[in-house]
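Novice: In order, the protein sequence lines correspond to chains A and B. Under the working numbering, the residues of the first sequence are numbered 36 to 271, in order. Under the working numbering, the residues of the second sequence are numbered 282 to 627, in order.
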Amino acid sequence: MTALLDVSGLSIRYGRVAAVRDLALTIRPGEIVTVIGANGAGKSTLLNGIMGLLPIEGDLRFDSAEIAHWGVERRVESGLCLVPEKRELFGAMSVADNLLLGGFRVEASLRDRTLAEVYGRFPRLAERRMQLAATLSGGERQMLAMGRALMSQPRLLMLDEPSLGLAPRIVADIFTIVRGLRDAGVAILLVEQNARAALNVADRAYVMELGEVILQGPAAELAADPRVAASYLGIQ
Amino acid sequence: MIDPIILLFLLQDGLTNGALYALLGLALVLVFTVTRVIFIPQGEFVAYGALSYALLETGRVPGTIWLLVAMGVAAFAIEAITRGSRMTGREWTTAAVLDLGLPIAIAGLTLAFASKTTPALVNLLLTLAMIAPLGPYLYRIAFQPIADSTILTLFTTAIGVHLAMTGLGLALFGAEGLRAKPLTDASLPVGPIVLTGQNIAVYLATAALIIGLWLFFERSLYGKALRATAINRVGARLVGIRTSLSGGLTFGLAAGIGAISGILIVPMTTIYYDSGFLIGLKGFVAAIIGALASYPATAIAALFVGIAEAFASFYASAFKEIIVFMLIVPVLVWRSLGAVHDDEEE
Numbered sequence: 036m037t038a039l040l041d042v043s044g045l046s047i048r049y050g051r052v053a054a055v056r057d058l059a060l061t062i063r064p065g066e067i068v069t070v071i072g073a074n075g076a077g078k079s080t081l082l083n084g085i086m087g088l089l090p091i092e093g094d095l096r097f098d099s100a101e102i103a104h105w106g107v108e109r110r111v112e113s114g115l116c117l118v119p120e121k122r123e124l125f126g127a128m129s130v131a132d133n134l135l136l137g138g139f140r141v142e143a144s145l146r147d148r149t150l151a152e153v154y155g156r157f158p159r160l161a162e163r164r165m166q167l168a169a170t171l172s173g174g175e176r177q178m179l180a181m182g183r184a185l186m187s188q189p190r191l192l193m194l195d196e197p198s199l200g201l202a203p204r205i206v207a208d209i210f211t212i213v214r215g216l217r218d219a220g221v222a223i224l225l226v227e228q229n230a231r232a233a234l235n236v237a238d239r240a241y242v243m244e245l246g247e248v249i250l251q252g253p254a255a256e257l258a259a260d261p262r263v264a265a266s267y268l269g270i271q
Numbered sequence: 282m283i284d285p286i287i288l289l290f291l292l293q294d295g296l297t298n299g300a301l302y303a304l305l306g307l308a309l310v311l312v313f314t315v316t317r318v319i320f321i322p323q324g325e326f327v328a329y330g331a332l333s334y335a336l337l338e339t340g341r342v343p344g345t346i347w348l349l350v351a352m353g354v355a356a357f358a359i360e361a362i363t364r365g366s367r368m369t370g371r372e373w374t375t376a377a378v379l380d381l382g383l384p385i386a387i388a389g390l391t392l393a394f395a396s397k398t399t400p401a402l403v404n405l406l407l408t409l410a411m412i413a414p415l416g417p418y419l420y421r422i423a424f425q426p427i428a429d430s431t432i433l434t435l436f437t438t439a440i441g442v443h444l445a446m447t448g449l450g451l452a453l454f455g456a457e458g459l460r461a462k463p464l465t466d467a468s469l470p471v472g473p474i475v476l477t478g479q480n481i482a483v484y485l486a487t488a489a490l491i492i493g494l495w496l497f498f499e500r501s502l503y504g505k506a507l508r509a510t511a512i513n514r515v516g517a518r519l520v521g522i523r524t525s526l527s528g529g530l531t532f533g534l535a536a537g538i539g540a541i542s543g544i545l546i547v548p549m550t551t552i553y554y555d556s557g558f559l560i561g562l563k564g565f566v567a568a569i570i571g572a573l574a575s576y577p578a579t580a581i582a583a584l585f586v587g588i589a590e591a592f593a594s595f596y597a598s599a600f601k602e603i604i605v606f607m608l609i610v611p612v613l614v615w616r617s618l619g620a621v622h623d624d625e626e627e
């Protein structure tokens, strides 16, 4: 199967410092790929670059189209979507309005149907639909961020640290939902510091260190790799 | 002891002006929250609207239409140069229609309709049509290229735009002041005072615009998108709202509100090419009292500014402007006592 996202020779610089160097990565339709690594390895930078929030050098192909020169809104329209680490919700607006705006680039008729789907996937959001986003708990905020992303009908959903700051039980819920999305045909690019949970849910994985990929392969193999175990899973 | 009739008269005068300041103050809050621009040139749109309308009434063609065409062409050229290589066919078509087709069509309509016998409503719509699009063009030319700069840079640019637009106003309309006929000769006696048709038009237009803006922001997708941009720019980009679209739309609303204010004010007082600045500044005082964030506080403060101005001009006309602008001092002191210091948002 051809790759949905195909990145090669990708570099992203902050001034003279390269936060990502000559990176290659592919994601096929319907698979969960995770990028793990320590704080500062360049994982978030990579996602922001793919989304178009940061200028990049190198090749970036989405569904065979060269998209490096596209603006963020065009990437959203073609099915790329990012749930950032900070969630970036519209705090002073209701849950329902946050979701509605998630479908800003989607046709009105399709938007209503997607909204029903999102409420089905996150019943919690349906209960809180009139509440302001700023008043939600951490887990609910992550659900709203994911729900808002789903409203754009993504083909590739990028999740930046979805488990950050959440209670273990809620993290388990979030990963169950991630699996459900994959089964519904959405490809997932998951960036996580919680390497164990990420490798558990992912099909394939990349390990980043100082802006470069140092290891890659099927998630199960990497989870068994002694180098990964020592550095990222906390096992000697 | 104040004569109650004078009191009522001053209140009426103050509320009429205050209603106009409310419109301008709301536009300033809107522009600031969405684009972080402190929109000093707001007053120029008032003057352009007032003078274009007054000229149309005498059957003359305002030079505004040529400015409109020129700014449309400039906006198109900048779009083509900076983004041309990355634009899709659809984007080219949209840009050509909005930046070239629209101003030429409005100019054509104005040339076709301008005559001494044109009904006031047609003149009003033509004025609105030739002023409102200046907002998005101005945004595209002057502000979009520096949209991510600091508030101070944006503010300095706004002052530059204000100076340029005042100068252009002199070139377009000349140094002489103009005044238009009232929209209606009707009048309504209320107790000892008489509300003129113009007073009533101001109240109705202000109320209608405020309700319209409220509906737009609460109910429509684009209104919500503007609010979203004001609340969280990154979040807005991530859902595919183009911040440049939000900026252009906001500037269009502000320019349109300015034009309507000008049309409403020009039958009540003579407007010169540079009259807009002081009028806009009073809306600005109201917006400052509303902390450039609260729409209701701004609207109420604007009515207060209008009333204070009316009383000041009766009792101490030499100090009228000083008294009005002094109003912000206690507000700033009060806010600085209560507020946590915040250098720049984000």
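For glycine and all other residues, C-beta sits at the position ideal for the given N, C-alpha and C.
1) What do you reckon, are the CB atoms on Ala-388 (chain B) and Ile-346 (chain B) nearer than 8 Å?
2) Pairs of beta-carbons, one from the segment 153-173 of chain A and one from the segment 118-131 of chain A, closer than 8 Å: are there three or more?
3) Quick check: what's the CA-CA separation for Gln-271 (chain A) versus Ala-232 (chain A)?
4) Against chain A, does Leu-608 (chain B) count as a neighbour if the rule is that its beta carbon must be under 8 Å from one of theirs?
5) Straight-line CA distance for Ala-300 (chain B) to Val-315 (chain B)?
6) Using the DSSP secondary-structure output, state which residues sit across from Ser-266 (chain A) in a beta bridge.
7) In the segment 511-535 of chain B, which residues sit with their C-beta less than 7 Å from some C-beta in chain A, listed in chain order?
8) For Gly-330 (chain B) versus Phe-592 (chain B), is the C-beta spacing smaller than 8 Å?
9) Mind listing the chain B neighbours of Met-128 (chain A)? Cutoff is C-beta to C-beta under 9 Å, in chain order.
10) Under 8 Å between beta-carbons, which chain A residues line up against Arg-367 (chain B)? List them in chain order, please.
11) How many Å lie between Val-312 (chain B) and Tyr-241 (chain A) at the Cα?
12) Is the CB-CB distance between Leu-308 (chain B) and Leu-534 (chain B) below 8 Å?
13) Taking C-beta to C-beta, are Val-310 (chain B) and Thr-510 (chain B) nearer than 8 Å?
14) How many Å lie between Thr-437 (chain B) and Met-446 (chain B) at the Cα?
15) Considering only the beta carbon of each residue, do Ile-412 (chain B) and Ala-536 (chain B) sit closer than 8 Å?
16) Would you report the Cα separation of Ala-355 (chain B) and Val-610 (chain B), rounded to the nearest angstrom?
17) Leaving out five residues before and five after Gly-340 (chain B) in sequence, what residues of the same chain have Cβ atoms less than 7 Å from its Cβ?
18) Cα separation between Leu-507 (chain B) and Ala-265 (chain A)?
19) Distance, Cα to Cα, Ile-223 (chain A) vs Glu-372 (chain B)?
20) What is the DSSP secondary structure of Asp-195 (chain A), reduced to helix, strand or coil?
21) Only counting the same chain, and skipping five residues up and downstream in sequence, which positions put a Cβ closer than 6 Å to that of Leu-81 (chain A)?
22) At the 8 Å Cβ level, is Leu-573 (chain B) part of the contact set with chain E, yes or no?
23) Beta-carbon separation of Val-612 (chain B) and Ile-546 (chain B) under 8 Å?
24) What's the gap between the Cα of Gln-188 (chain A) and the Cα of Leu-502 (chain B)?
25) Quick check on the DSSP output: what are the complete beta strand (DSSP E) runs of length 3 or more inside the segment 579-610 of chain B, in order along the chain?
26) Are the beta-carbon atoms belonging to Ile-588 (chain B) and Ala-597 (chain B) less than 8 Å from one another?
27) Can you tell which of B:Asp-466, B:Phe-595, B:Ala-410, B:Gln-323 has its C-alpha closest to the C-alpha of Ala-290 (chain B)?
28) At a Cβ threshold of 8 Å, is Ser-187 (chain A) touching chain B?
Specialist: To lay it out plainly:
1) Start at 1 with the first residue of the second sequence, and residue 388 (chain B) comes out as number 107. Start at 1 with the first residue of the second sequence, and residue 346 (chain B) comes out as number 65. Against a cut-off of 8 Å, the Cβ pair of Ile-346 (chain B) and Ala-388 (chain B) comes out as a contact.
2) yes
3) Locating residue 271 (chain A) in the first sequence gives position 236, counting from the first residue. Locating residue 232 (chain A) in the first sequence gives position 197, counting from the first residue. Legend: pLDDT at Gln-271 (chain A) = 44, less than 50; position of this residue unreliable, no value from coordinates given.
4) On the second sequence, residue 608 (chain B) is found 327 positions in, with the first residue counted as 1. Answer no: the Cβ-Cβ gap between Leu-608 (chain B) and chain A never drops below 8 Å.
5) Along the second sequence, one-based indexing puts residue 300 (chain B) at 19. Along the second sequence, one-based indexing puts residue 315 (chain B) at 34. If I take the Cα positions, the gap works out to 23 Å.
6) Within the first sequence, the letter at position 231 stands for residue 266 (chain A). According to DSSP, which records beta bridges pairwise, Ser-266 (chain A) is partnered with nothing at all.
7) Ile-512, Asn-513, Val-515, Gly-516, Arg-518, Leu-519, Val-520, Gly-521, Ile-522, Arg-523
8) Here residue 330 (chain B) refers to the residue found at position 49 when the second sequence is read from its first residue. Here residue 592 (chain B) refers to the residue found at position 311 when the second sequence is read from its first residue. No, they are not a contact pair.
9) Within the first sequence, numbered from 1, the residue matching residue 128 (chain A) stands at position 93. Under the 9 Å cutoff, chain B gives Lys-505, Arg-508, Ala-509, Ile-512.
10) Taking the second sequence and counting its residues from 1, the one referred to as residue 367 (chain B) is at position 86. Per Cβ cutoff of 8 Å: His-104, Trp-105, Gly-106.
11) As a working note, residue 312 (chain B) is residue 31 in the second sequence. As a working note, residue 241 (chain A) is residue 206 in the first sequence. Near 44 Å, if we compare the C-alpha coordinates of Tyr-241 (chain A) and Val-312 (chain B).
12) The residue given as residue 308 (chain B) occupies position 27 in the second sequence. The residue given as residue 534 (chain B) occupies position 253 in the second sequence. Checking the displayed sequence, the identity of residue 308 (chain B) turns out to be Ala instead of Leu. Contact: yes.
13) On the second sequence, residue 310 (chain B) is found 29 positions in, with the first residue counted as 1. On the second sequence, residue 510 (chain B) is found 229 positions in, with the first residue counted as 1. Not closer than 8 Å, so no.
14) On the second sequence, position 156 is the one that residue 437 (chain B) refers to. On the second sequence, position 165 is the one that residue 446 (chain B) refers to. So the alpha carbons of these two residues sit roughly 14 Å apart.
15) Residue 412 (chain B) sits at position 131 when you count from the first residue of the second sequence. Residue 536 (chain B) sits at position 255 when you count from the first residue of the second sequence. In this structure, Ala-536 (chain B) lies closer than 8 Å to Ile-412 (chain B) by Cβ.
16) Against the second sequence, residue 355 (chain B) aligns to sequence position 74. Against the second sequence, residue 610 (chain B) aligns to sequence position 329. So the alpha carbons of these two residues sit roughly 40 Å apart.
17) Taking the first residue of the second sequence as position 1, residue 340 (chain B) is located at position 59. These residues qualify, in order along the chain: Ala-395, Ser-396, Lys-397.
18) Along the second sequence, one-based indexing puts residue 507 (chain B) at 226. Along the first sequence, one-based indexing puts residue 265 (chain A) at 230. Distance between the alpha carbons of Leu-507 (chain B) and Ala-265 (chain A): 49 Å.
19) What you label residue 223 (chain A) is simply residue 188 of the first sequence in a count that begins at 1. What you label residue 372 (chain B) is simply residue 91 of the second sequence in a count that begins at 1. Each residue's alpha carbon lies about 30 Å from the other.
20) In the first sequence, residue 195 (chain A) corresponds to position 160, counting from 1. In the structure shown, Asp-195 (chain A) sits in a strand (DSSP, three-state: E or B).
21) For this step, residue 81 (chain A) is matched to residue 46 along the first sequence. The answer, listed in chain order, is Val-55.
22) Within the model displayed, chain E is absent; protein chains A and B are what it includes.
23) Along the second sequence, one-based indexing puts residue 612 (chain B) at 331. Along the second sequence, one-based indexing puts residue 546 (chain B) at 265. Contact flag unset, no.
24) Counting from 1 along the first sequence, the entry for residue 188 (chain A) is found at position 153. Counting from 1 along the second sequence, the entry for residue 502 (chain B) is found at position 221. Rounded to whole angstroms, Gln-188 (chain A) to Leu-502 (chain B) spans 18 Å at the Cα level.
25) none
26) Your numbering for residue 588 (chain B) matches position 307 in the second sequence. Your numbering for residue 597 (chain B) matches position 316 in the second sequence. Not in contact: Ile-588 (chain B) and Ala-597 (chain B) (Cβ atoms no closer than 8 Å).
27) Counted from its first residue, the second sequence places residue 290 (chain B) at position 9. Residue 290 (chain B) is actually Phe in this sequence, not Ala. Measuring from the Cα of Phe-290 (chain B), the nearest candidate turns out to be B:Phe-595.
28) Reading the first sequence from its first residue, position 152 is the one you call residue 187 (chain A). Yes, Ser-187 (chain A) lies at the interface with chain B (some Cβ there is under 8 Å from its Cβ).
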